[in-house]
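2 protein chains.
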Amino acid sequence: MPKETFYNLDKEKREKIERVALSEFANFGFHGAKVNRVVDKSGISKGSFYQYFTGMDDLFVHIVENLGKKKISFIGSELKLLGEKDFFEKFESMFLSGVKFYYSLSEDEITISKMLPIIKNLCSEKLEVMKKEANQIFFEHLIDEAISTGEIQADRDFAFVVISNTSKQIIQYLRRKNKVMGIEKVFENESNVKEAISLFLDLLKMGLTKKEGKNE
Amino acid sequence: MPKETFYNLDKEKREKIERVALSEFANFGFHGAKVNRVVDKSGISKGSFYQYFTGMDDLFVHIVENLGKKKISFIGSELKLLGEKDFFEKFESMFLSGVKFYYSLSEDEITISKMLPIIKNLCSEKLEVMKKEANQIFFEHLIDEAISTGEIQADRDFAFVVISNTSKQIIQYLRRKNKVMGIEKVFENESNVKEAISLFLDLLKMGLTKKEGKNE
DNA sequence: TTCTAATATGACCGTACAGTCATATGACCA
DNA sequence: TGGTCATATGACTGTACGGTCATATTAGAA
Chain S
1 MPKETFYNLD KEKREKIERV ALSEFANFGF HGAKVNRVVD KSGISKGSFY QYFTGMDDLF
61 VHIVENLGKK KISFIGSELK LLGEKDFFEK FESMFLSGVK FYYSLSEDEI TISKMLPIIK
121 NLCSEKLEVM KKEANQIFFE HLIDEAISTG EIQADRDFAF VVISNTSKQI IQYLRRKNKV
181 MGIEKVFENE SNVKEAISLF LDLLKMGLTK KEGKNE
Chain P
217 MPKETFYNLD KEKREKIERV ALSEFANFGF HGAKVNRVVD KSGISKGSFY QYFTGMDDLF
277 VHIVENLGKK KISFIGSELK LLGEKDFFEK FESMFLSGVK FYYSLSEDEI TISKMLPIIK
337 NLCSEKLEVM KKEANQIFFE HLIDEAISTG EIQADRDFAF VVISNTSKQI IQYLRRKNKV
397 MGIEKVFENE SNVKEAISLF LDLLKMGLTK KEGKNE
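Protein chains in written order, with the working numbering: chain S, 1 to 216; chain P, 217 to 432.
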């Protein structure tokens, strides 16, 4: 983690460094990112850099942790409100917050997110944990619950795969719509987002609940 | 592309270099891959390296092109047989060859595949083309056809997103089954694979064909 | 054998890099 | 004012890298 000195910096300078680092890792990858470039672009001296971080690994972990915190603040706030809802309502909420989180990310942050699962030779237990998307564990729990109450009737692994990919698919769908419509920010219209979500939710409902009258 | 000298090498030596390069790029990424390491690990001199390739970019393009050819030989052979089949049968075939292709890949090759879409600052028109998965264009064509014949009734973009993600999901599902069952090679049992495919195919059928008796 | 062309080699060069450290700067207090 | 502590700086060092090139090796042809 960054040294105390880094957190003593004024917000502007700190965020500048973080912005530059984000771009550096996104553009050149974990093993291609260079201290020299970060130092030049963020206008600090190399000596200072090593007073903030022990090295690039340290900086990378910090960047990824920021990303993780951002995600938790999006998803976490939604989770508290799930208590009374039924299974599909719960997922509707989670998809919505998932989409909102995604659209809150910059291109560089998206790149880092995609990069994470394929980084090798990175010895940081913290990141190992982070690589496994936290909400997956939560998904599995919800699915098991829904199976036991009979809310869904489907193979557990099938349900997990289909559900855990839905957020990404909704986002892909919205991006395509954006391109086709020539509008860059369809997602900002929440009703469009909700419409897209219901499209995929219907698919889930059909696929995960056995229809009556169909025996095999 | 590699120089003639490289292709004059005997197969064993050539494949050794390719194997080392694959591992190098998979482990350290495009910008982190080093000539020195490749040279050491594959037991050739640096001078020779530069008689085979103009540099690491060149080598990378070669590796990715190999991967592309491998894919085409898997998918392409299937495409010729699609003529008479209906829409969902066509996709059944494509999913099957997709899964077979995936399981023919080494871990390193899988890593490179995942890496491709997020590599920046790579000035190679060839790769730009390759980054867009070739079969996507083919998917779109098939979908348009199926919509016009009435075989599917669904939003075009919705159909595309759902279908184009199905291969990945089938693979994810099979991998989960592998883990749960403790058997590493469930996929080699083709009937397991076909069963998984039909699971997802049913979902597609439900989602992309409007049920009778449901009006809105 | 000798000649020729293709290929192999690693020492070598200039550059870019990570990381250090003596020094400078500034801020706060006595 | 002078003293002290936290921070800033960039010149410096050793290393690793990309890329070159004169030389060595090999294979085949004459």
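Just so you know, even glycine gets a beta-carbon here, dropped at the ideal spot from N, CA and C.
Please read all numbers here as calculations on a predicted model, not as lab measurements.
Residue burial classification, D226/P (beta-carbon count within 10 angstroms, cutoff 16): So D226/P ends up on the exposed side.
Minimum Cβ-Cβ distance from M422/P to chain S less than 8 angstroms: Taking Cβ atoms only, chain S reaches closer than 8 angstroms to M422/P, which makes this a yes.
Selected residue, minimal CA-CA separation from F241/P, among S258/P, S293/P, I279/P: Taking F241/P as reference, the option from S258/P, S293/P, I279/P with the minimal CA-CA separation is I279/P.
Rounded C-alpha distance that separates D418/P from D256/P: D418/P and D256/P: Cα-Cα distance of roughly 51 angstroms.
Inside the stretch 60-110 of chain S only - alpha helix (DSSP H) runs reaching at least 4 residues: Correct list: 87-104.
Alpha-carbon to alpha-carbon, K3/S and G47/S: The alpha-carbon atoms of G47/S and K3/S are separated by roughly 13 angstroms.
When L122/S, T149/S, D157/S are compared against Q136/S, the one with the closest alpha-carbon: Among L122/S, T149/S, D157/S, the Cα nearest to that of Q136/S belongs to D157/S.
For F222/P and H31/S, the rounded distance between their alpha carbons: Answer to the nearest angstrom: the Cα atoms are 28 angstroms apart.
Beta-carbon neighbours of Y173/S, restricted to chain P and to distances below 7 angstroms: Here the neighbours are D373, F374, V377.
Beta-carbon gap between V378/P and G423/P smaller than 8 angstroms: Yes, the Cβ-Cβ distance between V378/P and G423/P is below 8 angstroms.
Cβ of G29/S within 8 angstroms of any chain P Cβ: Chain P has a Cβ within less than 8 angstroms of the Cβ of G29/S.
Beta carbon proximity, Q136/S to chain P, threshold 8 angstroms: It does not: the Cβ of Q136/S has no partner Cβ on chain P nearer than 8 angstroms.
Residue range of the unbroken alpha helix (DSSP H) whose run includes T5/S: From DSSP, the alpha helix (DSSP H) with T5/S extends over 4-8.
Where M272/P meets chain S, residues with beta-carbon distance less than 8 angstroms: Those within 8 angstroms of M272/P in chain S number zero; the least Cβ separation is about 11 angstroms.
Nonlocal neighbours in the same chain, by C-beta distance under 8 angstroms from F311/P, ignoring five residues either side: Within the same chain, F311/P has close Cβ partners T382, S383, I386, I413, F416, L417.
Cβ neighbour criterion (16 or more within 10 Å) applied to N239/P: It is worth fixing the name first, because residue 239/P is Ser in this sequence and not Asn. Under the 10 Å beta carbon count, S239/P is surrounded by 16 or more other beta carbons and is classified as buried.
Exposure label - K426/P; buried when at least 16 CB within 10 Å: Its Cβ having fewer than 16 others within 10 Å, K426/P is exposed.
Minimum Cβ-Cβ distance from N189/S to chain P less than 8 angstroms: Judged by the 8 angstroms Cβ criterion, N189/S is not in contact with chain P.
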